[in-house]
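J.: Provided herewith is a single structure, encoded as C-alpha cells, for subsequent inquiry.
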C-alpha cells in the first residue's frame, strides 16, 4: 500500500466504524484486523472460562477455597473437577494474551518481510520467556 | 458475594479510566482494593497486574480496529520496556524502592503540571506523506473529522525513556503507562490519541512478566483477580470507545490529574505515610 492508499483505507474504515458498519471489505485485510481478531478470541475464551467458573462457584454454594491456586496445582485441580481449576485456566489465558499476540505479530512481520520488526518481536518473546524461567527457578 | 460485586465495580471504573488515557488502571484499582475493600496488598498488586493485561487486551481491540495503534512503534518500545522490567525485577531487592518512589514521584509531578498547562510538544504533520518515516503513523480523528499524520521524533531518547519506564515498572510492580504516554507525547511527538492506543497495547507485555511471577508463587487470588478482570474487561471496552469521542485536550487533562495523584501517592508511600 502506498501512503496515500493507506490514508484513504483508514479514513474509509474509520467512517464505517463511526456508522457502526465495520466489516470486511474487499481490500487486503490489514495486520491490525488480524491482530484484533486474535485478541478478541483470546479475551472471549478467558472471559467465558472466568464467568463459567464464577457461575459454577456460585452454584456450588461458594464453599471452595479459591486462594490455593498455583501452576503446579492446576492439573490436579482440573482433574478433580474443581472450580478453582477452571478459574486458574481462565487467568492463565489472560496472562498468555500478550505473548500470543507478540508471536502473531512476529509471524505477520516475517510474512511481510519486515525483518527488523520481526526480530524485535522475537527479542520481546525471548525476554518474556527469560522472565518466566527466572520466576520458575526462583520458585 | 457483595464483596465480589464491589471488586468488579472497582475493576470496571479502573478499566474505563485506564483505557481512555493509555494506563492499565492499576493506579486506581490497587489503592481502592486495599483502602476500601480490605484486600491484602499482595493480592491487590497481583490482581492489579492481571487487570493491566485485561485492560490492554480489551482496549487494544477497539484501538486496533480504528487504526490508532502504532504497531511498529509499540514493538520497538516493547523491547526496551520488557528488558527494563526484567532488570528492574531482578534489581528490586538490591535497591531502595522507597527512595526511588520519592524521586520518581517528584519527577512525575513536574510532568503532570507540564501536561496540564498545555505546553505539550506540538504535533506537526509532515508536508509530504512519504515523510512519515519508518515509525510514523496516520489515523482518522473521529472527533475532529480529519486525518492526523505524525512522524516519530527523538527515537533514541524515547527508547531510553522506555527502558527507564520498564525498570520502574519492574521495581514497583506497575504497568508503566504513566511514563510511556508522557514520553511518547512530550518527547516523541506522538498525538495523545495514538499514544494512549499504542501504550494500551504495550502495557500487557510489560505487566505479563510480573503477573506470571505472582501466579507461579501462588499469590494470584482468584476471589479477587476474577471479579477485577471481569469488571476491567467490560470497562476497558467502554473506555476505549469513549476515548474516541472526547477531545484530545480532555484526555491530556485526565492523564495529568491521574499522574499528579499517582505522584503524590508515591511520595507519601515513600515517606511512610498511609492515606488511611
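Chains as they are written, first to last, in my numbering: chain A, 1 to 139; chain B, 1001 to 1276.
Note that the Cβ used here is the ideal one computed from N, Cα and C, for glycine as well.
Here the structure is a predicted model, which means the values were calculated and not measured.
1) Can you tell me the Cα-Cα spacing of residue 1198/B and residue 1252/B, whole angstroms?
2) Against chain A, which members of the region 1039-1059 of chain B pass a CB distance test of less than 8 Å?
3) Along the chain, where does the beta strand (DSSP E) that runs through residue 1247/B open and close?
4) Under 7 Å Cβ-Cβ, which residues of chain A neighbour residue 944/B?
5) Against residue 42/A, what residues of chain B qualify as contacts under a CB-to-CB distance less than 9 Å, listed in chain order?
6) Mind checking if residue 55/A is an interface residue toward chain B, Cβ cutoff 7 Å exclusive?
7) Return the residue from the list 1163/B, 1186/B, 1027/B and 1043/B that minimises the CA-CA distance to residue 1223/B.
8) Which residues in chain A have a C-beta closer than 7 Å to the C-beta of residue 1076/B? List them in chain order.
9) Going by beta carbon distance, what residues of the same chain come within less than 6 Å of residue 1108/B, once the five residues before and after it are set aside?
10) Return helix, strand or coil for residue 1137/B, following the three-state DSSP convention.
11) Taking 7 Å as the CB-CB cut-off, is residue 1091/B touching chain A?
12) Let me confirm a value: residue 1017/B is counted as buried when at least 16 other C-beta atoms fall within 10 Å, else exposed. Which label applies?
13) How do the region 1155-1163 of chain B and the region 1181-1188 of chain B stand: do at least 3 beta-carbon pairs fall below 8 Å, yes or no?
14) For residue 1238/B, which residues in the same chain have their Cβ closer than 7 Å to its Cβ, ignoring the five residues on either side in sequence?
15) Name, going along the chain, the residues of the region 70-81 of chain A whose beta-carbon falls closer than 9 Å to a beta-carbon of chain B.
16) Does the region 1208-1221 of chain B come close enough to the region 1058-1067 of chain B that 3 or more CB-CB pairs lie under 8 Å?
17) Enumerate in chain order the residues of its own chain whose CB-to-CB distance from residue 1111/B is below 7 Å, with the five nearest sequence positions on each side excluded.
T.: Considering the structure as presented:
1) Taking the straight line joining both Cα atoms gives about 15 Å.
2) So the close ones are 1050, 1053, 1054, 1056, 1057 and 1058.
3) For residue 1247/B, no beta strand (DSSP E) segment is defined, and its DSSP state is neither H nor E.
4) Outside the displayed range of chain B (1001 to 1276) lies residue 944/B, so it cannot be described from this structure.
5) Those within 9 Å of residue 42/A in chain B are 1057.
6) So, not an interface residue.
7) Among 1163/B, 1186/B, 1027/B and 1043/B, the Cα nearest to that of residue 1223/B is on 1043/B.
8) In chain order, 120 make up the part of chain A whose C-beta sits under 7 Å from the C-beta of residue 1076/B.
9) Close CB contacts of residue 1108/B within its chain, under the 6 Å cut and outside five residues either way in sequence, are with 1259 and 1263 (chain order).
10) Residue 1137/B falls in the strand class under three-state DSSP.
11) Not one chain A Cβ lies under 7 Å of residue 1091/B.
12) Taking a 10 Å sphere around the C-beta of residue 1017/B, we find 16 or more other C-beta atoms and assign the residue as buried.
13) In short, these stretches touch, since the Cβ pair count reaches three.
14) Result list for residue 1238/B: 1016, in chain order.
15) Answer in chain order: 70, 71, 72 and 73.
16) Contact fails: fewer than three Cβ-Cβ distances are below 8 Å.
17) Around residue 1111/B: 1182 and 1259.
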